[in-house]
Every structure is written in structure tokens, then in C-alpha cells.
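Reading through the C-alpha cells given below for one structure.
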Amino acid sequence: GRDEVLEYLAGTVDLGITYHGRDEVLGMNKNKLIASVDSDLGGCGTSQKSTSGFVVMLNGGAISWKAKRQGVTSVATMQAELYAADLCGMELLLLRDLMGEFGWRQGCVRVMEDNAGCVQVAHGQRDSPKTQHFRRCQMSVEEMCNQGKIWLDDVPGEENWSDIFTKSMKDSRGFRKLREVIMGVTPVVYISRGVESMMRTNGVNPNANKLLRDVADWLAGDEE
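Residue numbers for the sequence shown follow the numbering used here, so the first one is -11 and each next one is one higher.
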């Protein structure tokens, strides 16, 4: 409730976001965007609408994040997750342009997503409901993926940082883990099966080299 939120804020006034400048600390190349996205399903007890949440990270710390109630009522988790992915993708388009103006051109930005159906639909590997509004959202995410601007990577729910924006975190240890990653206290980049496959394809043994070396460039090529 409100009192718990105020108590939490009062007890964490000394916390801040830490950014890092070394590749070996980050587990990936610096000045590269990486994001995670999530949604609940019907979390609002009054309207039954779902909540989208995402966080965009740069150099080990969050630079953009949002939790927003969706404008339409989703009837399936995959549908709610795709609406969230579209919201995150739109933010990434703006940040990619901004990073380019700074001289840090981005490849295809990795977006971690814990719903396999959403990932498959985004990459055109699965049919989806044909309602007009959902179809527009699907085509928007598909277009961003096909143009090499983002790619959705299927990750376990416990590795999805954005869970902190969409679900009640009853496990205090799980909450602290996600909070510390987002705030840059413990920079972690999860290596999924998809990432491992790309690393092997590019001659990198993920067991011998735990650093994630610019997966975006491997996937989409350098835009410079």
C-alpha cells in the first residue's frame, strides 16, 4: 500500500545508479544498449487491464524505464507481452537515434523477453490473433525486428529484469537481485541459448569466454 511505498523510499534515499566503463565489468562492450521487457496479465483488479514494464540499460545501469497500464484488455499473456514489447521498441528507436548522435552507433539491440510465444510472433515464427488492434501491434514489432533494430531474446522469467515493474515481488531476495542489476551494483548479462548459439557460430566458446561480445553486431552487422 501507500505506507509501504513511502517507507521503502525513506529507507533507500542513499541508493543511486552506478555506471561502468570497462567491458570486463559489464560483460559486454560498453556504450551498447540492452533492454528487458515484461507484462503481467489482467493485473488491475478493477479494469482487468495488464501492465507493461521495461528497462533500458547502458554501461551497466538503467537509463530509461517505464511501467504503464495498457490501453486495451489483453485476453492472453502473449498478447499482453507483445503490447509491452512494442512500447519498449518505440523507446529504443529514440535511444538508438540519440546514441548515434553521440557517435555510439547501435547494431540490433537485444531485448530480453520471458514469453516464448511473444518472441516467436515478433520474429514471424508463429501465427497470432487477427484482431485489428493486435495486428497493428504485431506488425510494428515485426518491422522493428526485420529491420535489424531490435531482436527479442527468450530468457527465463527469473532473469528478466523487468519483472520488478509488473509483478508483486514477494521474494525479497529476488527483488534485491533485480534491483541491484538495474542500479548497476552487480552488472550481469544473462547468456541465453540464443546467445550461446550465436557465440558458437562466431567462433566463441561461451564456457571459456563468459563475456558477451557485442551480440548485436554478430546478428545485424556493424552499422558504421
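Yeah, the Cβ is synthetic: ideal placement off N, Cα and C, and Gly gets one too.
Keep in mind that this is a model prediction, so the values were computed, not measured.
Between the CA atoms of residue j and residue i - distance to the nearest angstrom
| i | j | result |
| --- | --- | --- |
| residue 28 | residue 107 | 16 Å |
| residue 45 | residue 21 | 6 Å |
| residue 43 | residue 95 | 18 Å |
| residue 89 | residue 82 | 11 Å |
| residue 101 | residue 38 | 16 Å |
| residue 146 | residue 93 | 30 Å |
| residue 103 | residue 24 | 12 Å |
| residue -9 | residue 154 | 19 Å |
| residue 86 | residue 138 | 15 Å |
| residue 180 | residue 167 | 20 Å |
| residue 4 | residue -3 | 12 Å |
| residue 174 | residue 50 | 12 Å |
| residue 67 | residue 152 | 20 Å |
| residue 75 | residue 123 | 15 Å |
| residue 160 | residue -7 | 14 Å |
First through last residue of the alpha helix (DSSP H) which encompasses residue i
| i | result |
| --- | --- |
| residue 167 | 160 to 170 |
| residue -6 | -10 to -1 |
Nearest-angstrom Cβ-Cβ length linking residue i and residue j, presumed shorter than 8 Å
| i | j | result |
| --- | --- | --- |
| residue 72 | residue 41 | 7 Å |
| residue 6 | residue 186 | Actually they are not in contact, since the Cβ atoms of residue 6 and residue 186 sit about 28 Å apart, beyond 8 Å. |
| residue 225 | residue 142 | It is not possible to answer for residue 225, since the shown part of the chain is limited to -11 through 212. |
| residue 8 | residue 47 | 6 Å |
| residue 177 | residue 149 | The pair is not a contact, with the Cβ atoms about 11 Å apart (cut-off 8 Å). |
| residue 125 | residue 70 | 6 Å |
| residue 84 | residue 97 | 7 Å |
Assigned secondary structure, residue i (DSSP; H/G/I helix, E/B strand, else coil)
| i | result |
| --- | --- |
| residue 176 | coil |
| residue 100 | strand |
| residue 185 | helix |
| residue 93 | coil |
| residue 140 | strand |
| residue 214 | The requested residue 214 does not occur in the structure, where the chain is confined to residues -11 to 212. |
| residue 65 | helix |
| residue 46 | strand |
| residue 52 | strand |
| residue 30 | coil |
| residue 41 | strand |
| residue 10 | coil |
| residue 114 | coil |
Opening and closing residue of the beta strand (DSSP E) in which residue i lies
| i | result |
| --- | --- |
| residue 154 | Where residue 154 is concerned, there is no enclosing beta strand (DSSP E), although the alpha helix (DSSP H) it sits in stretches over 151 to 154. |
| residue 22 | 21 to 27 |
**Report entry** Inter-stretch contact at 8 Å, needing at least 3 Cβ pairs: the stretch 51 to 59 / the stretch 122 to 132
**Finding:** At 8 Å Cβ cutoff, the stretches do not touch.
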